[in-house]
Amino acid sequence: MQAAPGVLWLRMPLPMALDHINVWALADGDTWTLVDTGMQTTDTAAAWQTAFPGVLCGRPVGRVICTHMHPDHVGMAGWLTRRFDCRLWMTRLEYVTCRMLAADLGREPPPDAVRFYRAAGWDEEAIEDYKARFGGFGKHIYALPDSFRRVTDGDEIEIGGRMWRAIIGRGHSPEHLCLHCPELALMISGDQVLPRITSNVSVFPTEPEADPLAEWLASIAEIASRVSDEVLVLPSHNEPFRGLHARLGQLSAWHEEALDRLREALRHPRRAVDVFDVMFRRPVGLSLLTFATGEALAHLNCLIHRQQAVRELDAEGVAWYRSV
Ligand SMILES: [Zn+2]
């Protein structure tokens, strides 16, 4: 459906509990500029094949922009850019990180990663499950094009005669792109601002000491200072919404409250896997373990960087956290 003049809202299916992703087709002269692409599945390919002669009126895709490198956003970018012989526009860290993760396909699970999850308190069953899944990222994306056009913070991108400003956020992914069009009072927010769920903010084995939550909170504050509260926000999941600043306030409050609860719980030393009940409302099974562990570690690392907690390794290499 039309979200604004020249801005079409399409939905692509996802094979998981979060069963859809929103993508955007912006009228751009005789072509379309697409923002995000869906995960690489036969269902997504079929949905695009229906859209080309249907809602997209047979006009070609002239450019593909991806907000970030997660498979539901970037999965069909390589397929679309090859099919229409057009360019992929992306931030550099998203493009490079995507190539890096895709290259894990077929590799042995690295000892660094096994050590990382053992330190978090995972048992052997969880470690074996991780080893079996390792490298799976590349299965969900069509191979990226071998070159891209870099987008940097503050860039003004002209689409269909209107200016869209690039706003970079961090914490959910390394260099996430949002697009703000003051003339249409729209912001395409990707996963940086979602209306009903909090975006995953995780620590991953490649950078165990990272503090993505600090980056996330700084990005939230920066978006509030740069984007007017008047915009209609076009998010990647659920529905477009108004009230950007109130939502940003809720998101940062949720994380600050989680940090407070965590600091309280760490009066007694705990492992990362012991704090799920403090952080999440639903129980964490094997399928959510990687996300939950990454998110718990993001909050634990944030407390360490704020000098409100310390981490100590025991003889088995398991990390115990306590507040100070
Ligand atoms: Zn994402």
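In the numbering used here, the protein residues as written are 271 to 594. Note that beta-carbon positions come from the ideal geometry of N, C-alpha and C, so glycine has one too. Since this is a predicted model, take the numbers as computed values, not measurements.
Could you name the residues that DSSP lists as bridge partners for residue i?
i: G460; result: P505
i: G439; result: H446
i: P283; result: H290
i: A589; result: L583
i: F418; result: None, per the DSSP bridge assignment.
i: F511; result: V503
i: M433; result: E428
i: R576; result: Answer is none; R576 lacks a bridge partner.
i: L278; result: Q272 and A295
i: C451; result: L456
i: R540; result: Y591
Taking 8 Å as the threshold (C-beta atoms), are residue j and residue i in contact?
i: T337; j: C451; result: no
i: G345; j: Y412; result: yes
i: L518; j: P510; result: no
i: G299; j: G405; result: no
i: R540; j: Y591; result: yes
i: A579; j: A389; result: no
i: H507; j: I467; result: yes
i: T303; j: R333; result: yes
i: R362; j: E445; result: yes
i: A436; j: E500; result: no
i: G276; j: A297; result: yes
i: F407; j: Y365; result: no
i: G564; j: S472; result: yes
i: W486; j: H515; result: no
i: L414; j: G348; result: yes
i: A317; j: P283; result: yes
i: V331; j: C356; result: yes
i: V463; j: I438; result: no
i: S593; j: R533; result: yes
i: L529; j: H569; result: yes
i: G391; j: V543; result: yes
i: W359; j: V293; result: no
i: A396; j: L559; result: yes
Is residue i buried or exposed, if buried means 16 or more other CB atoms sit within 10 Å of its CB?
i: V325; result: exposed
i: T307; result: buried
i: M433; result: exposed
i: M271; result: exposed
i: Q310; result: buried
i: A566; result: buried
i: P482; result: buried
i: R440; result: buried
i: D342; result: buried
i: P323; result: exposed
i: F386; result: buried
i: A562; result: buried
What are the boundary residues of the alpha helix (DSSP H) that residue i is part of?
i: S443; result: Premise fails: S443 is in no alpha helix (DSSP H) and is neither H nor E.
i: N292; result: Not the alpha helix (DSSP H): N292 falls in the beta strand (DSSP E), residues H290 to D298.
i: Q319; result: T312 to A321
i: E426; result: No alpha helix (DSSP H) holds E426; the beta strand (DSSP E) holding it covers E426 to I429.
i: I264; result: One cannot answer for residue 264 here, as it falls past the ends of the chain, which runs 271 to 594.
i: F354; result: A347 to F354
i: I467; result: Counting along the chain, I467 falls outside any alpha helix (DSSP H), and DSSP gives it neither H nor E.
i: H343; result: P341 to V344
i: V384; result: P381 to A389
i: F474; result: Run containing F474: none; DSSP gives neither H nor E here.
i: D547; result: F546 to M549
i: W486; result: P482 to R496
i: E395; result: E394 to R403
Return yes when at least one heavy atom of ligand 1 lies under 7 Å from the C-beta of residue i, else no.
i: Y489; result: In the sequence as displayed, the identity of residue 489 is Ser instead of Tyr. Incorrect: S489 has no Cβ contact closer than 7 Å to ligand 1.
i: D461; result: yes
i: S443; result: yes
i: H340; result: yes
i: H538; result: no
i: H410; result: no
i: H525; result: no
i: H290; result: no
i: H343; result: yes
What are the boundary residues of the beta strand (DSSP E) that includes residue i?
i: R581; result: A579 to L583
i: M360; result: R357 to M360
i: L304; result: T301 to V305
i: R333; result: V331 to I335
Verify the CB distance criterion: does residue i have a CB-CB separation below 8 Å to chain D?
i: D306; result: Looking for chain D here will not work: only one protein chain is present.
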